[in-house]
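For the sequence shown, position 21 matches number 85 in the working numbering, and the numbering has no gaps at all.
Note that beta-carbon positions come from the ideal geometry of N, C-alpha and C, so glycine has one too.
These notes are about the structure you will find just below.
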Amino acid sequence: MNNKEENYLFEVSWEVCNKVGGINTVIKSKAPQLIRHYKDKYCLIGPYFPKKAVTEFQERIPSDKLQNIFERLRGEGIICHYGKWLINGGPNTILIDYTGYIHRNNEIKARLWERYRIDSLGTYFHDFDEPILWGHTVGRLLEEISKSFR
C-alpha cells in the first residue's frame, strides 16, 4: 500500500455501537473527520449486541470481497454484520457476533496463560471472557482482511 487511495483505516473498539463509557463519545466525535479523510476506506469494528444494533446500526450488503471473508469466518462460528453506524457521517461498520465462538474460550485463555502468564482464574464472563473472545474474533477478521486486500 503505497498511496493514499490504497490505505484503509480499521478502528476497533468494544464501544462501537455499544456505549459503556467515554470512548463511545470519543469515537463518535472524531468519525466525521476520519470519513472526510479516508472516505469509504474508514471502517469501525465493534461487538454485535442485537438489542443495541436495532437502534444504532443499519445493516447493508457488504462488498463481494468482504462477503467472501464473512463466509469463511462464519465457518469458524464468527458472524459479521456489515452496515452503517447511525451517527454523524454514518461510518462503515462491522459488528462481530462472537457467541458462536464461545467453544474456543478455554483454548484462548490457556494460550494467554502459556504465552503471557495472563491469569484468568476467578474472572467473570462479562468482564474478561467476552472481551477476549471478541478480541480474538476481531484478530481473525483483520487477518482475513489483510490477506484479501493485498
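Residues bridged to residue i by DSSP?
i, result
"Trp-177", "Answer is none; Trp-177 lacks a bridge partner."
"Thr-157", "Leu-108 and Gly-147"
Beta-carbon within less than 7 Å of residue i's beta-carbon, same chain only, minus the 5 sequence neighbours each way: which residues are those?
i, result
"Trp-149", "Val-80, Cys-81, Leu-108, Glu-120, Phe-121, Pro-155 and Thr-157"
"Phe-113", "Asn-82"
"Pro-96", "Asn-152 and Gly-153"
"Ile-87", "Ser-77 and Glu-79"
"Cys-144", "Phe-134, Leu-137, Ile-158, Ile-160 and Leu-205"
"Lys-116", "Cys-81 and Asn-82"
"Ile-166", "Leu-197"
Taking all protein chains shown into account, decide if residue i is buried (16 or more other Cβ within 10 angstroms of its Cβ) or exposed.
i, result
"His-200", "buried"
"Leu-159", "buried"
"Val-225", "Here the chain comprises residues numbered 65 to 214, so residue 225 is not present and cannot be evaluated."
"Ile-142", "buried"
"Glu-208", "buried"
Output needed for residue i: all residues of its chain with C-beta closer than 6 Å, excluding positions within five of it in sequence on either side, in chain order.
i, result
"Trp-198", "Pro-111 and Tyr-162"
"Tyr-72", "Lys-105"
"Lys-68", "Summary for Lys-68: the model assigns pLDDT 47, below 50, so the residue's position carries little reliability; its value from the coordinates is reported in the next sentence. Within the same chain, Lys-68 has no close Cβ partners at all."
"Lys-173", "Ser-184"
"Pro-230", "The displayed coordinates of the chain run from 65 to 214. Any statement about residue 230 would go beyond what the structure contains."
Any heavy atom of the ligand FMN within a distance shorter than 7 Å of the CB on residue i?
i, result
"Asp-161", "Looking at this structure, you won't find the ligand FMN or any other ligand, since it has none at all."
Start and end of the beta strand (DSSP E) containing residue i?
i, result
"Leu-73", "73-76"
"Glu-123", "121-123"
Here's a check: name, in chain order, each residue in its chain whose Cβ is nearer than 8 Å to the Cβ of residue i, leaving out the five neighbours to either side.
i, result
"Ile-91", "Glu-75, Ser-77, Glu-79, Val-80 and Leu-108"
"Asp-183", "Trp-177"
"Val-84", "Trp-78"
Provide the residue span of the alpha helix (DSSP H) that contains residue i, from first to last.
i, result
"Gly-203", "194-212"
"Phe-134", "128-138"
"His-101", "87-102"
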